[in-house]
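Here the structure is laid out as C-alpha cells; the discussion comes afterwards.
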Amino acid sequence: MMILGWLRLALVAMVVLTVVYVLIGIYWRSLQREALEKRWAHDAMQGDRDAWIEAGMKAYEGGLKKRLLWLIYILPMIGFSLIFFYVNWD
Amino acid sequence: MRYVKWTLWLLVFLLVGGFLHYTLPQHDIVRIVGTENRRVDVGENSIFWSRAEVGMVNSTSRDVYFINARYPDGKTMEFRNEDTGWGWPPYFKVDSAGLMTKAKDMVSTAQAPVWVSITHYGWRNKLFTIFPNAVGVKQVEGPDVTIIPWFNIFFFVMLGFILLLIRRMWLQFRERTIDPAFDRAGDAWDRVDARADEAAAGARGAWGRFTGWLGSWKSKPRR
Chain A
3 MMILGWLRLA LVAMVVLTVV YVLIGIYWRS LQREALEKRW AHDAMQGDRD AWIEAGMKAY
63 EGGLKKRLLW LIYILPMIGF SLIFFYVNWD
Chain B
240 MRYVKWTLWL LVFLLVGGFL HYTLPQHDIV RIVGTENRRV DVGENSIFWS RAEVGMVNST
300 SRDVYFINAR YPDGKTMEFR NEDTGWGWPP YFKVDSAGLM TKAKDMVSTA QAPVWVSITH
360 YGWRNKLFTI FPNAVGVKQV EGPDVTIIPW FNIFFFVMLG FILLLIRRMW LQFRERTIDP
420 AFDRAGDAWD RVDARADEAA AGARGAWGRF TGWLGSWKSK PRR
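Quick note, the sequences are listed as chains A and B, same order. One rule links them: number in this note's numbering = place in the first sequence (from 1) + 2. One rule links them: number in this note's numbering = place in the second sequence (from 1) + 239.
Structural data, given as C-alpha cells:
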C-alpha cells in the first residue's frame, strides 16, 4: 500500500503534467510561428516565406526556450519536495 | 434569464470558494489544552476524514489523534491530527505522530498560557462531527501576533497566472486554428489558399497534420 500510494500519485502527476506539457508546447509553437510571420511582414522580406518560417521553427525546436518547457515537470517536483519537507521534517 | 445566470455564477463561486477555503492552509492562534488518541468509526462524513497512516491498512474504524485547544477569546476548537499521505489534499503529511509529540510538549494552562500557531486545513462542524486537520504547530510570542499567509499569497498569484495563461492559450487557439477554419469555409477564394496550407501541413508536424486531417472531413465545394 505504501509504495502503491506513492506510485499512484507519481503516475497521476506524470499524466497530468504531460497533458500540460503538450498543450503549452502547442501554444508556444503557435506563438513562435505567429511571431515569425509578423516579422516577415514587418520587415517586408523577399523570397521563399514558407522556407524562412520553417527554418525559424527549426531553430526554435532546438533552442533554449523549447528546453525551458521541461520546467513544467521540474517545478512541481520541487514544489512537492518543499511541501513534503516543511510538513514532515521542519 | 439574467437572474439564472447570476445564480449560476454565485453557485460556482460558492463551490470553488468553499473548496479552496476547506483545502488551503490556515493559521489559528490557540492555547493547547490537551491531546488525546481516540477511536472513531467514520460514517457518512467520511470525505471529511483522512485515511490511516501510510503503510497501515485503511479502515473506517481506527484510532485518531486529537488536539484540544482554546482561542484567546475562550472559544474552543478541536483539531484532528491525521496523515494525508499521498492522497488529497496534497499536504503529503506522514508525520502525525511527530506533530502529536510537539503538541503534547506545548500543552499549557490558563494561568501560564503558551500560545501556539496551528496550521490546519478543513472545517469544524458540530452537526456532522467534522474536525479540521492540523498539519503544523509552532510556538508564537503571544495571542496577538499576525501571521502572513505566504503560501496562500503564492498560491493565488499562481492561480491567477494559470487562469490568464489558459485564457491566452484559448485566444491563440481561436485566432490561429478556429477562425482560419471558419474563414476557409466561407470564402471560395480562400479555399485555394487552404489547399496550399493543407499541402504545407505535412511539414508542420503533428498538429498541422491533425488540423489537415480535420479539414479533409469537410465537404467539397459543389460545382
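Cβ coordinates follow ideal geometry from the N, Cα and C atoms, glycine included. Note that this is a predicted model, so its numbers are computed, not measured.
Let's test the definition: count the other Cβ atoms within 10 Å of the Cβ of residue i and tell me whether it reaches 16, buried, or not, exposed.
i: residue 386(B); result: exposed
i: residue 320(B); result: buried
i: residue 268(B); result: buried
i: residue 306(B); result: buried
i: residue 357(B); result: buried
i: residue 330(B); result: buried
i: residue 325(B); result: buried
i: residue 304(B); result: buried
i: residue 361(B); result: buried
i: residue 17(A); result: exposed
i: residue 308(B); result: buried
i: residue 296(B); result: exposed
i: residue 55(A); result: buried
i: residue 338(B); result: buried
i: residue 61(A); result: exposed
i: residue 260(B); result: exposed
i: residue 359(B); result: buried
i: residue 266(B); result: buried
Who are the Cβ neighbours of residue i in its own chain at under 8 Å, not counting the five residues just before and after it?
i: residue 322(B); result: 289, 290, 291, 292, 293, 332, 333, 334 and 335
i: residue 380(B); result: 354
i: residue 59(A); result: 31, 34, 35 and 38
i: residue 300(B); result: 278, 279, 280 and 281
i: residue 345(B); result: 271, 353, 355, 376 and 378
i: residue 341(B); result: 376
i: residue 298(B); result: 291
i: residue 49(A); result: none
i: residue 240(B); result: none
i: residue 78(A); result: 15 and 19
Is any heavy atom of the ligand GTP found at a distance shorter than 8 Å from the C-beta of residue i?
i: residue 437(B); result: No copy of the ligand GTP appears in this structure; indeed no ligand is present at all.
Whose C-beta lies closer than 7 Å to the C-beta of residue i among residues of the same chain, with five residues either side of it excluded?
i: residue 284(B); result: 367, 368 and 369
i: residue 437(B); result: 451 and 454
i: residue 328(B); result: 262 and 360
Ordered along the chain, which non-local residues of its own chain (more than five positions away) have a Cβ less than 6 Å from that of residue i?
i: residue 409(B); result: none
**Request:** Could you run through the region 397-414 of chain B and flag, in chain order, every residue whose CB is less than 7 Å away from some CB of chain A?
**Result:** Of all residues in the region 397-414 of chain B, 408 and 411 have a Cβ within less than 7 Å of some Cβ in chain A.
**Request:** Check whether the region 406-417 of chain B touches the region 371-385 of chain B, taking contact to mean three or more Cβ pairs, one atom from each stretch, closer than 8 Å.
**Result:** no
**Asked** Of the residues that make up the region 24-49 of chain A, which ones have a beta carbon closer than 9 Å to any beta carbon in chain B?
**Response** 25, 26, 28, 29, 31, 32, 33, 35 and 36
**Asked** If you measure beta-carbon to beta-carbon, which residues of the region 369-386 of chain B are closer than 8 Å to chain A?
**Response** 374 and 375
**Message:** To test your reading of the DSSP string, which unbroken alpha helix (DSSP H) runs of 4 or more residues are found completely within the region 18-67 of chain A?
**Reply:** 51-63
**Message:** Under 8 Å, with one C-beta from each stretch per pair, do the region 79-92 of chain A and the region 271-280 of chain B reach the 3-pair mark?
**Reply:** No, because fewer than three Cβ pairs between the region 79-92 of chain A and the region 271-280 of chain B fall closer than 8 Å, the two stretches do not touch.
**Request:** Starting from the N-terminal side, write out each stretch of the beta strand (DSSP E) that is 3 residues or longer and does not extend beyond the region 260-317 of chain B.
**Result:** Listed in chain order, they are 265-280 and 300-309.
**Prompt:** Within the chosen definition, does the region 7-27 of chain A reach the region 67-87 of chain A through at least 3 CB pairs nearer than 8 Å?
**Reply:** yes
**Complete runs of the beta strand (DSSP E) confined to the region 328-381 of chain B [at least 3 residues]** = 354-360 and 372-378
**Request:** Please determine if the region 309-317 of chain B and the region 393-404 of chain B are in contact, where contact requires at least 3 C-beta pairs separated by less than 8 Å.
**Result:** no
**Prompt:** Any residues in the region 50-81 of chain A with a beta carbon nearer than 7 Å to a beta carbon of chain B? Which ones, in chain order?
**Reply:** 52 and 56
**Message:** What are the residues in the region 7-22 of chain A lying within 8 Å of chain B by C-beta distance?
**Reply:** 7, 8, 10 and 11
**Message:** Closer than 7 Å between beta carbons: that is the criterion. Which residues of the region 278-295 of chain B meet it against chain A?
**Reply:** 293 and 294
**Request:** Below 8 Å between beta carbons is the criterion; list the residues of the region 317-342 of chain B that meet it against any residue of chain A, in chain order.
**Result:** 324, 325, 326, 329, 330, 331, 332, 333, 334 and 337
**Item:** Runs of alpha helix (DSSP H) lying entirely within the region 409-441 of chain B, each at least 4 residues, in chain order
**Value:** Listed in chain order, the complete alpha helix (DSSP H) runs (minimum 4 residues) inside the region 409-441 of chain B are 418-425 and 427-440.
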